């Protein structure tokens, strides 16, 4: 999840895993991918689903094992060098606007602006690397359901089960009243085999471009949550301890970024904190970039968990 706070942000990622034992790593009951806690001087509460270092290592092991099974190569850089990674990934988006009849409706212009925000962020035009990912809108619908609108997390099975379409290679993006602090939640690609019914991203309708949430209204909540859907973790995963988020070019970070500092360095390892990274917790105006390593990780995650399954889903739908 992404949280909107005035004074500080702390966070954890929840477990997701495909083939390691369930006792080591399994998706939570309702499929939340990341969770943020309000904190200014208060200790972060222990979340039972927070990833432990052992779970992170298990997830990364599952990723490399899956690459090895599918491509006989466990290193994503070798896979890229062999030209077996997609040069570009074009993701169809099904946009679901949930309302209670009075609140939550988005105009076609706002929906299109959210897609432009995604393409700018993932295409590198905001200042970072081009990840090789683009998004195109294929459908947009408006659904009136007060329960889904007011409690989208609680009603995930019903909402996603009714509206989500397209299989693992299609992004089902929902907007609803996620909360005034919690701004969004998502699934990881590893979850699709275990729980395809939770494969979606849900963001607060007030966090879209031009929305009323100050500091969080450039559409970057969707950028952040879709990063999880594509397989990225927070850069502050495990703090200063290996493996961090498992991406080589995102420096270690002890704590999430708060507000929009000019610079922050919380770990002794080389490199300052990635305060401008879309997978951190800074304000939207502070977020500008993905790294080349994150782009490679996204394309490799797609090859491992979504590419083949997406093709199979398309064949079954014919």
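In the numbering used here, the protein residues as written are 37 to 354.
Glycine is no exception: its CB is placed at the ideal position from the N, C-alpha and C atoms.
Please read all numbers here as calculations on a predicted model, not as lab measurements.
Of the listed residues the options, nearest to residue i (C-alpha basis)
i           : options            : result
residue 222 : 335, 165, 267      : 267
residue 249 : 259, 207, 320, 208 : 320
residue 152 : 282, 245, 271, 201 : 245
residue 168 : 105, 263, 219      : 263
residue 92  : 233, 226, 305, 236 : 226
residue 295 : 148, 269, 317, 174 : 317
residue 240 : 210, 163, 224      : 210
residue 125 : 146, 189, 137, 155 : 155
residue 217 : 162, 252, 228, 139 : 252
residue 184 : 273, 238, 146      : 238
residue 323 : 333, 332, 311      : 311
residue 180 : 132, 166, 333      : 132
residue 313 : 305, 304, 299      : 299
residue 256 : 89, 315, 116       : 315
residue 89  : 229, 278, 271      : 278
residue 327 : 271, 130, 291      : 271
Pairwise C-alpha distance: residue j and residue i
i           : j           : result
residue 187 : residue 213 : 7 angstroms
residue 200 : residue 170 : 20 angstroms
residue 335 : residue 134 : 30 angstroms
residue 191 : residue 118 : 43 angstroms
residue 281 : residue 219 : 22 angstroms
residue 307 : residue 141 : 43 angstroms
residue 182 : residue 149 : 25 angstroms
residue 159 : residue 122 : 15 angstroms
residue 275 : residue 137 : 43 angstroms
residue 325 : residue 197 : 33 angstroms
residue 108 : residue 215 : 44 angstroms
residue 247 : residue 232 : 30 angstroms
residue 172 : residue 302 : 38 angstroms
residue 120 : residue 99  : 16 angstroms
residue 147 : residue 265 : 19 angstroms
residue 228 : residue 269 : 17 angstroms
Burial state of residue i, where buried means 16 or more other Cβ atoms lie within 10 Å
i           : result
residue 178 : exposed
residue 330 : buried
residue 157 : buried
residue 194 : exposed
residue 102 : buried
residue 94  : buried
residue 243 : buried
residue 236 : buried
residue 164 : buried
residue 175 : exposed
residue 161 : exposed
residue 338 : buried
residue 234 : buried
residue 309 : buried
residue 144 : exposed
residue 304 : exposed
residue 104 : exposed
First and last residue of the uninterrupted alpha helix (DSSP H) at residue i
i           : result
residue 94  : 89-107
residue 132 : No alpha helix (DSSP H) contains residue 132, which is instead part of the beta strand (DSSP E) from 125-135.
residue 432 : The chain is shown only over 37 to 354; residue 432 falls outside these bounds and no answer can be derived.
residue 153 : 144-159
residue 220 : Run containing residue 220: none in the alpha helix (DSSP H); it sits in the beta strand (DSSP E), 218-222.
residue 250 : Residue 250 -> no alpha helix (DSSP H), and no H or E assigned at all.
residue 185 : 182-186
residue 259 : 256-265
residue 197 : 192-199
residue 321 : Segment: none, residue 321 is in no alpha helix (DSSP H) and carries neither H nor E.
residue 114 : 112-117
residue 333 : 328-337
Start and end residues, beta strand (DSSP E) containing residue i
i           : result
residue 244 : That residue, residue 244, is in no beta strand (DSSP E); it is neither H nor E in DSSP.
residue 214 : That residue, residue 214, is in no beta strand (DSSP E); it is neither H nor E in DSSP.
residue 237 : 237-240
Residue-level contact to chain D via CB, residue i, 8 angstroms cutoff
i           : result
residue 149 : In summary, chain D is missing from the structure at hand, where a single protein chain is found.
Given 8 angstroms, three or more beta-carbon pairs between the segment 336-343 and the segment 192-209: yes
Meets three-Cβ-pair contact criterion under 8 angstroms: the segment 251-262 and the segment 274-291: Segments in contact, no.
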